[in-house]
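Quick note: the sequence shown uses this note's numbering, first residue 48, plus one each step. Data block below; observations after.
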Amino acid sequence: MKILTVFKWKHILAILVGITTAGSVMAFSQDMSREAIAERIKPAAQVRIAGEEAMAGKQAQAGGERSGEQIYSQACIACHSTGVLGAPRKGNADDWAPRLAQGMDIVLEHSINGLNAMPPRGTCTKCSDEEILAAIEFMIE
Ligand code: HEC
Numbered sequence: 048m049k050i051l052t053v054f055k056w057k058h059i060l061a062i063l064v065g066i067t068t069a070g071s072v073m074a075f076s077q078d079m080s081r082e083a084i085a086e087r088i089k090p091a092a093q094v095r096i097a098g099e100e101a102m103a104g105k106q107a108q109a110g111g112e113r114s115g116e117q118i119y120s121q122a123c124i125a126c127h128s129t130g131v132l133g134a135p136r137k138g139n140a141d142d143w144a145p146r147l148a149q150g151m152d153i154v155l156e157h158s159i160n161g162l163n164a165m166p167p168r169g170t171c172t173k174c175s176d177e178e179i180l181a182a183i184e185f186m187i188e
C-alpha cells in the first residue's frame, strides 16, 4: 500500500515534470516561430525597398539624362547646323569624316575640353559626358 502510494507520487511528479517541460518547449517553439516569421517577412520587405530604389533610379535617369537630339537642339545647333566658324555640320559626312578618323575618344575629349572656336561642352556646362556623346552621335547620324 505504502509502496503503491510512493509509486503514484513518483508517477504524478513525472507527469508534472513532463507537462512543464512540454510547456516550456511549446513556449520556446512559439518564440522561434515568431522569429521565423520575422525572418520570412524580411526578404519581402527588403525586396520592396530594393524595388523602390530601382524605380527611383530609373526616374532619376529618365529625368536627368536628355537625348542627343535634345542636347543638340539646345546647345550645339547654333554652330553645328550651318557650320559657324568651321564647325562640322550636322549630318554632313564630308565634314565629319576627318574628325571621326581621329577616333571617338579624341572627338569626345575635344568636345568636353573645347577645341579652338569650339567651346568646352559646346557651352552646355551642365551636360554630362554621356549627354555630349549622345549629341555627337545625333550629329553624325
Ligand atoms: C560656338 C559654336 C559652337 C557650339 C555652340 C558648339 N560647337 Fe562644336 N565645334 C565648333 C567649332 C568651330 C568646331 C571646329 C573646331 C576646330 O576643329 O577648330 C567644333 C567642333 C566640334 C566637334 C569635332 C571635334 C574634333 O575633335 O574634331 C565636335 C564633336 C563638336 N564640335 C561637338 C559639339 C557638341 C556636342 C556641341 C553641343 C553640346 C557643340 N559642339 C557646340 C563650334 C561650336
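Yeah, the Cβ is synthetic: ideal placement off N, Cα and C, and Gly gets one too.
Quick check: the Cα distance between Gly169 and Leu162, rounded to an integer number of angstroms? 10 Å
What residues in its chain sit with their C-beta under 8 Å from that of Glu188, if we drop five residues either side in the sequence? Gly138
Cβ distance (whole Å) where Ile183 is taken to contact Val154 below 8 Å: Contact between Ile183 and Val154 holds: their C-beta atoms lie close to 6 Å from each other, under 8 Å.
Within 8 Å (strictly less), CB to CB, does Thr129 reach chain B? Of the chains in the structure shown, none is chain B; there is only one protein chain.
With which residues is Met165 paired in a DSSP beta bridge? Leu162
Taking the C-alpha atoms as reference points, what is the distance between Ser128 and Ile159? 19 Å
Would you say Ile153 touches the ligand HEC, meaning its beta carbon is less than 7 Å from a heavy atom? yes
Span separating the alpha-carbon of Arg146 from that of Gln121: Whole-angstrom Cα-Cα distance: 22 Å.
Looking at the ligand HEC, does it come within less than 7 Å of Gln117, judged from the CB to the closest heavy atom? No, since every heavy atom of the ligand HEC falls outside the 7 Å radius drawn around the Cβ of Gln117.
Check Cys171 in the structure and name its three-state DSSP category. Cys171: coil per DSSP, three-state reduction.
What would DSSP say about Arg146, mapped onto helix, strand or coil? helix
Look up Glu20 in the DSSP assignment and say whether it is helix, strand or coil. A query on residue 20 cannot be resolved here, the shown segment of the chain reaching from 48 to 188 and no further.
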